[in-house]
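Here the protein sequences come in this chain order: W and U. For the record, in the first sequence the residue sitting at position 198 is 198 according to the UniProt record's numbering, with numbers rising by one throughout. For the record, in the second sequence the residue sitting at position 111 is 111 according to the UniProt record's numbering, with numbers rising by one throughout. All residues carry an ideal CB built from backbone N, CA and C; glycine is no exception. Note that the structure is a prediction, hence the values are computed from the model and not measured. Quick notes on the structure that follows.
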Amino acid sequence: MDYSVNYDVIWRNLHNLFYGLGLGLYMALVSVALGSLIGLVLAFSLVSKRKLFRVLSGIYVAVIRNIPLMIIILFIYFGLPDVGLTFAEQPSFIFALTIYTGAYIAEVFRGGLLAIPKGVGEAGMAVGMSNFQINIFIKIPILIRSVMPALSNNYISLFKDTSVAAIVAVPELTFQTRKINTDTFRTIEAWSSASVLYVVACLLIAILLRRVERRVAIPK
Amino acid sequence: MSTGFSNELWASRFILLDGIGTCIFVSFLAIVFGTIVGIVVGLPLTYGNFIFRFLARAYTDFIRGIPVLVLILTFYFVLSVLGLNLTAMQAGIASLSIFSSAHVAEMLRGGLQNVQKGQIEAAKAVGLSFFQTFLYVSLPQALRQILPTWINTAVETTKGSTLVSIIGVVEITLVMQQIIGRNFLSMEFYALAGLIYFIICFSIERFGKFIEKKVAIK
Chain W
1 MDYSVNYDVI
11 WRNLHNLFYG
21 LGLGLYMALV
31 SVALGSLIGL
41 VLAFSLVSKR
51 KLFRVLSGIY
61 VAVIRNIPLM
71 IIILFIYFGL
81 PDVGLTFAEQ
91 PSFIFALTIY
101 TGAYIAEVFR
111 GGLLAIPKGV
121 GEAGMAVGMS
131 NFQINIFIKI
141 PILIRSVMPA
151 LSNNYISLFK
161 DTSVAAIVAV
171 PELTFQTRKI
181 NTDTFRTIEA
191 WSSASVLYVV
201 ACLLIAILLR
211 RVERRVAIPK
Chain U
1 MSTGFSNELW
11 ASRFILLDGI
21 GTCIFVSFLA
31 IVFGTIVGIV
41 VGLPLTYGNF
51 IFRFLARAYT
61 DFIRGIPVLV
71 LILTFYFVLS
81 VLGLNLTAMQ
91 AGIASLSIFS
101 SAHVAEMLRG
111 GLQNVQKGQI
121 EAAKAVGLSF
131 FQTFLYVSLP
141 QALRQILPTW
151 INTAVETTKG
161 STLVSIIGVV
171 EITLVMQQII
181 GRNFLSMEFY
191 ALAGLIYFII
201 CFSIERFGKF
211 IEKKVAIK
């Protein structure tokens with residue numbers, strides 16, 4: 001075998017790789033933010049008194065959690081144009097990722113809502129707050145703080161999921177790596193670099209998010 | 001040209017069934033191999049001395065930091081450059097196994113370390129050896145505890161098996177792309193793909209819940 005490892009091409013393309021990495025982080029961030037909104041609405045209907053809400057949101061969560069991300073992406077990118085809904089690559093990927101993560105975040109939020117002590121809501125009622133006010137001013141702030149660790153894990157796994165965007169030609173890290181691979185045949189260099197970049201990025205985000213978690217954690 | 005969804009579906013029934021078979025085959029092997037490797041890595045991760053623990057930790061953390069798709073592409077392309085020519089199917093199964101093994105190792109460690117200290121001490125007190133303690137005290141409790149997470153990993157691995165379509169394994173996703181390439185019914189057939197995956201994954205999940213109930217301590 002005559003393959004000599006040479007990382008020159010990686011150094012020359014480093015800006016592309018970092019751009020791809022940044023794009024992945026950005027898309028995951030947008031998705032986690034939008035997905036949290038979906039998750040919040042779903043979580044409240046998952047614990048709602050109305051059976052219809054519970055059933056509908058339960059179906060959403062069960063269906064989305066059991067369908068691979070790639071199928072959702074393909075459906076939105078290639079399927080929806082059939083009924084006149086056409087999105088560009090990046091918006092359609094963010095859309096798919098948001099729908100996907102919404103189901104996971106809903107479960108996280110549901111657990112968080114159920115963990116809020118009953119007395120907190122009753123206290124709100126006692127000072128004359130409406131149900132809506134209790135939810136907005138009492139429950140949601142407690143919820144956000146208590147689910148931060150789960151939410152940051154979610155962000156990290158979403159960031160890894162952005163690699164799937166390569167299949168609809170969003171130029172993130174995996175796409176860039178594949179491009180280097182096919183352009184230069186520097187296979188080992190390309191994929192080892194991508195792996196290391198992903199691992200290091202995940203590690204750094206994890207460390208950063210642990211700090212954020214400590215700041216927002218509810219003091220015991 | 002397309003002759004309507006039901007006709008197209010009927011015309012492609014055999015490749016579709018083939019694709020479903022391949023999907024189940026790949027996922028099943030990946031879960032089995034992943035569990036075996038996961039146990040092999042998980043034990044030193046829990047009980048190993050400094051060096052073994054460090055190696056196992058490096059393995060799990062590294063693998064868990066890489067997206068499944070990158071793992072699949074790396075396996076497929078890099079190994080062939082290194083002279084190890086795996087078929088797409090073998091590379092797919094191998095990379096999915098590696099992916100799930102890291103998760104299994106981590107959950108095994110969690111399960112084993114969560115066994116109460118008093119139990120281990122009790123086992124020591126009645127004179128069980130380390131191996132006996134592991135086999136009769138720690139492991140049964142750990143297995144019961146990690147079952148839900150293990151089922152979850154099985155579902156994740158099955159969902160991850162869609163990604164092997166990218167290196168050319170003809171499972172459900174790639175079959176759908178072939179069918180759509182012929183009749184352009186993207187929406188219908190991708191929705192069908194979603195439905196099929198839902199049925200497979202939901203069944204795994206339900207089956208897991210069933211086993212969980214069976215083995216639960218009453």
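Cβ of T98(W) within 8 angstroms of any chain U Cβ: no
Quiz item: Taking three-plus beta-carbon pairs below 8 angstroms as touching, is the region 62–71 of chain W in contact with the region 190–200 of chain W?
Solution: no
**Asked** Measuring CA to CA, which of L25(W), S195(W), F185(W), F109(W) is closest to V81(U)?
**Response** F185(W)
task = Can you give me the Cβ contacts of G160(U) inside the same chain, cut-off strictly under 7 angstroms, excluding the 5 residues immediately before and after it?
result = Within the same chain, and ignoring the five residues on either side of G160(U) in sequence, the residues whose Cβ sits closer than 7 angstroms to its Cβ are V68, L96, F99.
Q: Specify whether the region 31–38 of chain W and the region 112–128 of chain W touch according to this definition: at least 3 beta carbon pairs, one from each stretch, less than 8 angstroms apart.
A: no
Q: Could you name each continuous alpha helix (DSSP H) segment of 4 residues or more that falls completely within the region 151–213 of chain W, going from the start of the chain to the end?
A: Complete alpha helix (DSSP H) runs here, min 4: 173–184.
Show which residues of chain W have a CB atom less than 9 angstroms away from the CB atom of Y197(U).
N66, I67, P68, I71
Can you tell me the Cα-Cα spacing of I39(U) and T153(U), whole angstroms?
-> 14 angstroms
* Out of curiosity, what's the CA-to-CA distance linking E212(U) and V137(U)? -> One C-alpha to the other measures close to 19 angstroms.
| Hey, does G208(U) have any beta-carbon neighbour from chain W nearer than 8 angstroms? | no
Taking the alpha-carbon positions, what's the V200(W) to A11(U) distance? 48 angstroms
Handout entry: F184(U) in three-state terms, based on DSSP
Key = coil
query: Quick one, are the C-beta atoms of V108(W) and V147(W) less than 8 angstroms apart?
result: yes
If you follow the alpha helix (DSSP H) that M89(U) is part of, which residue opens it and which one closes it?
-> 88–113
N7(U), enclosing alpha helix (DSSP H) - first and last residue: 5–11
Contacts around Y60(W), its chain only, beta-carbon distance under 7 angstroms, and the 5 residues preceding and following it disregarded:
L42, A103
One question on the structure: do E172(W) and T182(W) come within less than 8 angstroms of each other, judged by their Cβ atoms? no
Exercise for review: Grab the span of the alpha helix (DSSP H) containing I105(W) for me, first residue to last.
Suggested key: 89–115
**Request:** Examine the Cβ distances between the region 13–25 of chain U and the region 164–173 of chain U and report whether three or more of them are shorter than 8 angstroms.
**Result:** yes
Using a C-beta cutoff of 8 angstroms, does G79(W) count as contacting chain U? yes
### Task
Along the alpha helix (DSSP H) that carries D8(W), what are the first and last residues, could you check?
8–12
Beta carbon of L97(W) nearer than 8 angstroms to that of M27(W):
Yes, these two residues count as a Cβ contact at 8 angstroms.
When I217(U), I204(U), V78(U), Y76(U) are compared against R144(U), the one with the closest alpha-carbon: I217(U)
Could you tell me whether any Cβ in chain W is nearer than 8 angstroms to the Cβ of Y190(U)?
yes
Whole-angstrom C-beta distance between N66(W) and Y197(U), which should lie under 8 angstroms = 7 angstroms
TODO: Please name the residue, chosen from A102(U), I93(U), A125(U), F134(U), that lies closest to L112(U) on a Cα-to-Cα basis.
DONE: F134(U)
Close-in-space but distant-in-sequence residues of the same chain around A123(U) (CB under 8 angstroms, 5 per side omitted): Q132, T133, Y136, V137
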